[in-house]
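Residue numbers (full-length UniProt numbering): 1 to 283.
Ideal placement from N, C-alpha and C gives every residue a C-beta, glycine not left out.
Since the structure is predicted, the reported quantities are computational estimates derived from the model, not experimental observations.
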Ligand code: CAA
């Protein structure tokens, strides 16, 4: 299938990154969010990232203009009627995502593929909210999207082979590495990563070590680029909690029980870097 135009739903840290890499690969991109100010903020992040590439002489100012020109702002879901692929990167919440997918199913052209950047929710269930489950697929990018090479591609129960193939090919055009996984809670990435983060929070909760010590052990001892508590702040503690709850509910095994300290931080509104405070304080 020939994909030329892509709509990205959600202009937050994931959506803006996805829009950027799609625009850099030459696709015509619509960046959509509920409010114009959210889209403006996303466009601002893209501009800042591209400007850094120009400063580092990896891109000319003209190339930057071309890439930036590939992105158009949208606050109307009806704009989906003219695109070939939609990548949804809205908030990680099943009710919100299924509602968006059932609306997109009504609006998008028949040939359009509906992909979700969900980090843990069942693709099969999201697909069931549409009349085209064979064209629904998971396309899970990692944060920060412009830097991270992986895209987990998740087949729902009904995903068609040609849809999988198209998404795999597109991922390669974005200069990313596709990895195929099946539809189980947390897929591979978050099934392995989140219990590690949750265990780091338990380690803090139980007073085994200070937050700095826990992060230092994992950074220097395991060669991780960031310690798990720093990484949790970077991902967002609300997202970490939501994913742990999805694993706990999906597998019914207490080994996925979210740490009470993680719940407490989320209740306090200490969501990490984005709110200025999580395990650490950010100026
Ligand atoms: N957007 C774009 N580019 C960014 C960026 C951002 N938000 N943050 C950093 N970069 C770029 C920098 O510009 C820099 O580029 P150059 O090398 O071209 O100059 C490069 O990344 C390295 O940045 P820094 O030198 O500032 O810092 P660093 O070496 O510590 O790297 C990092 C930063 C890439 C984020 C690194 O710390 C890292 O890999 N951290 C772990 C990230 C990770 O695990 N991500 C997965 C999260 S889980 C997830 O996404 C799945 C989910 O569902 C929750």
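**Prompt:** Where do the ends of the alpha helix (DSSP H) carrying residue 195 lie?
**Reply:** For the purposes of this step, residue 195 is taken as the residue at position 195 of the chain shown. Counting along the chain, the alpha helix (DSSP H) containing residue 195 begins and ends at 189-205.
**Request:** State the start and end residues of the unbroken beta strand (DSSP E) segment that holds residue 148.
**Result:** Numbered from 1 along the chain shown, position 148 holds the residue referred to as residue 148. Element bounds for residue 148: n/a, residue is neither H nor E.
**Asked** The alpha helix (DSSP H) with residue 68 in it runs from where to where?
**Response** Taking the chain shown and counting its residues from 1, the one referred to as residue 68 is at position 68. Counting along the chain, residue 68 sits inside the alpha helix (DSSP H) bounded by residues 61-69.
**Asked** What whole-angstrom Cβ distance do residue 112 and residue 76 have, given they're in contact under 8 Å?
**Response** The residue labelled residue 112 in the question sits at position 112 within the chain shown. The residue labelled residue 76 in the question sits at position 76 within the chain shown. In this structure residue 112 does not touch residue 76 by the C-beta definition: roughly 16 Å separates them, more than the 8 Å allowed.
**Prompt:** Does the separation of the CB atoms of residue 204 and residue 211 fall below 7 Å?
**Reply:** Within the chain shown, residue 204 is the residue found at index 204, counting from 1. Within the chain shown, residue 211 is the residue found at index 211, counting from 1. Contact annotation: residue 204 and residue 211 have beta-carbon atoms nearer than 7 Å.
**Prompt:** Taking Cβ positions, are residue 186 and residue 237 nearer each other than 7 Å?
**Reply:** Residue mapping note: residue 186 aligns to position 186 of the chain shown, counting from 1. Residue mapping note: residue 237 aligns to position 237 of the chain shown, counting from 1. Here residue 186 is not near residue 237, since their CB atoms are 7 Å or more apart.
**Request:** State buried or exposed for residue 282, treating a residue as buried only when at least 16 other CB atoms are found within 10 Å of its CB.
**Result:** Within the chain shown, numbered from 1, the residue matching residue 282 stands at position 282. The C-beta of residue 282 has fewer than 16 other C-beta atoms within 10 Å across all chains shown, which makes the residue exposed.
**Request:** Would you give the residue range spanned by the alpha helix (DSSP H) that residue 88 belongs to?
**Result:** The residue given as residue 88 occupies position 88 in the chain shown. Segment 85-88 is the beta strand (DSSP E) holding residue 88; no alpha helix (DSSP H) there.
**Request:** Mark residue 35 as exposed unless 16 or more other C-beta atoms lie within 10 angstroms of its C-beta, in which case mark it buried.
**Result:** One-based indexing of the chain shown puts residue 35 at position 35. Counting Cβ neighbours within 10 Å, residue 35 comes out exposed, since fewer than 16 surround it.
**Prompt:** For residue 239, does the count of other Cβ atoms within 10 angstroms reach 16, so buried, or fall short, so exposed?
**Reply:** Residue numbering aside, residue 239 sits at position 239 when the chain shown is read from its first letter. Buried.
**Asked** For residue 235, is the beta carbon positioned less than 6 Å from some heavy atom of ligand 1?
**Response** In the chain shown, counting from the first residue as 1, residue 235 sits at position 235. Taking 6 Å as the cut-off, one finds at least one heavy atom of ligand 1 near enough to the beta carbon of residue 235.
**Message:** Which same chain residues end up closer than 7 Å to residue 67 when comparing Cβ atoms and leaving out the 5 residues on each side of it in sequence?
**Reply:** The sequence position of residue 67 within the chain shown is 67, counting from 1. Excluding sequence neighbours, residue 67 sits near 23, 24 and 50.
**Item:** Whole-angstrom C-beta distance between residue 87 and residue 117, which should lie under 8 Å
**Value:** Start at 1 with the first residue of the chain shown, and residue 117 comes out as number 117. Start at 1 with the first residue of the chain shown, and residue 87 comes out as number 87. With a Cβ gap of about 6 Å, residue 117 and residue 87 count as contacting.
**Item:** Buried/exposed call for residue 260, threshold 16 Cβ in 10 Å
**Value:** As a position in the chain shown, residue 260 is number 260, starting the count at 1. Exposed, since its Cβ has fewer than 16 Cβ neighbours within 10 Å.
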